[in-house]
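Structure (structure tokens):
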């Protein structure tokens with residue numbers, strides 16, 4: 304584990320990001336593929352559905368893919384940058400708001416998307432996870448990384464603007480996220496030991512901000528009275544949300560790139 308407090312605690316992240324982090328731990332040689340696959344399901348009432356892609360086989364298969372690289376995509380309607388298809392994977396990726404795009408020697412190979420099914424186990428609600436794998440179309444172009452490399456600074460700038468503004472936002476990214484705010488497509492996880500202090504801090508800050516702004520955006524403008532204030536508030540939330548999304552992608556891809564080369 305990292306020395307950082309963020310690394311010792313559980314962090315709520317998109318399941319695709321969790322899979323990428325533990326896959327990088329396997330590729331780094333910190334653990335075997337069986338343990339890495341198990342850790343990829345996170346901590347909580349979650350587990351494999353018994354269908355879809357077997358993560359053990361998937362991870363070991365990456366070593367047979369030349370110059371394999373993993374790309375995190377967090378798509379939303381109207382913003383599909385990073386997805387390479389095929390069309391059958393676009394819908395599930397949008398529903399989950401996440402996907403892992405795998406490339407070999409710079410050529411798109413396939414996409415993985417988590418599909419969540421709510422079930423009951425011993426009288427308790429749990430999430431059964433199926434990893435949907437779709438081969439990339441032949442000759443699919445792999446877009447360049449969406450991150451500019453300065454996503455951390457842009458997120459910090461957006462957070463300062465929100466803190467200094469006159470509009471009240473219910474955002475406290477320094478505190479853990481309430482379980483009720485964590486959607487089924489996300490899961491809490493520890494962080495692999497190769498994640499350093501700075502990377503762990505950015506992961507925590509970006510993930511918490513992304514979840515908190517999503518909750519606030521979905522909740523509308525109940526805290527505001529005037530239309531102008533509502534518009535200002537929504538503008539700040541949108542800016543924070545996009546900055547957090549970019550920072551999370553940048554942090555995860557940088558960690559994984561260091562281990563996969």
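Numbering (my numbering), first residue to last: 304 to 564.
Glycine included, every Cβ here is placed at the ideal spot set by N, Cα and C.
Sub-8 Å separation of residue i and residue j beta-carbons
i	j	result
residue 417	residue 443	no
residue 358	residue 340	yes
residue 344	residue 336	no
residue 316	residue 506	yes
residue 503	residue 313	no
residue 348	residue 428	yes
residue 419	residue 518	no
residue 338	residue 495	no
residue 373	residue 498	no
residue 365	residue 330	yes
Cβ shell of residue i (< 6 Å), same chain only, five flanking positions each side left out
i	result
residue 438	413
residue 461	542, 543, 546
residue 355	433, 434, 435
residue 326	362
residue 389	437, 440
residue 540	516, 519, 520
residue 480	315, 511, 514
residue 454	549, 550, 553
Close Cβ partners of residue i (< 7 Å) along its chain, the five nearest in sequence each way excluded
i	result
residue 547	458, 509, 512, 513, 516
residue 375	319, 320, 323, 403, 552, 555, 556
residue 408	369, 370
Contacting residues, own chain, Cβ-Cβ under 8 Å from residue i (five flanking each side not counted)
i	result
residue 538	none
Residue i versus the options, residue with shortest Cα-Cα distance
i	options	result
residue 456	420, 382, 534, 553	553
residue 382	373, 396, 370	396
residue 549	385, 497, 393	385
residue 421	486, 520, 500, 560	486
residue 490	328, 394, 342	342
residue 301	353, 484, 483, 401	Only positions 304 to 564 of the chain appear in the structure, and residue 301 is not among them; the question remains open.
residue 482	346, 330, 465	346
residue 578	411, 394, 393, 501	Because the chain in this structure spans residues 304 to 564, residue 578 falls outside the shown range and cannot be described.
Beta-bridge pairing of residue i - partner residues as DSSP gives them
i	result
residue 489	317
residue 479	Answer by DSSP bridge pairing: none, since residue 479 is not bridged.
residue 292	This structure gives no information on residue 292, because the portion of the chain shown stretches from 304 to 564.
Next item on the list: Report the residue ranges of all alpha helix (DSSP H) runs contained in full by the stretch 373-445; include only those spanning at least 4 residues, in chain order.
Entry: 390-399, all fully within the stretch 373-445.
Next item on the list: Scan the stretch 333-363 and note each continuous beta strand (DSSP E) run of 3 residues or more that stays entirely inside, going in chain order.
Entry: DSSP runs (the beta strand (DSSP E)) wholly in the stretch 333-363: 349-355.
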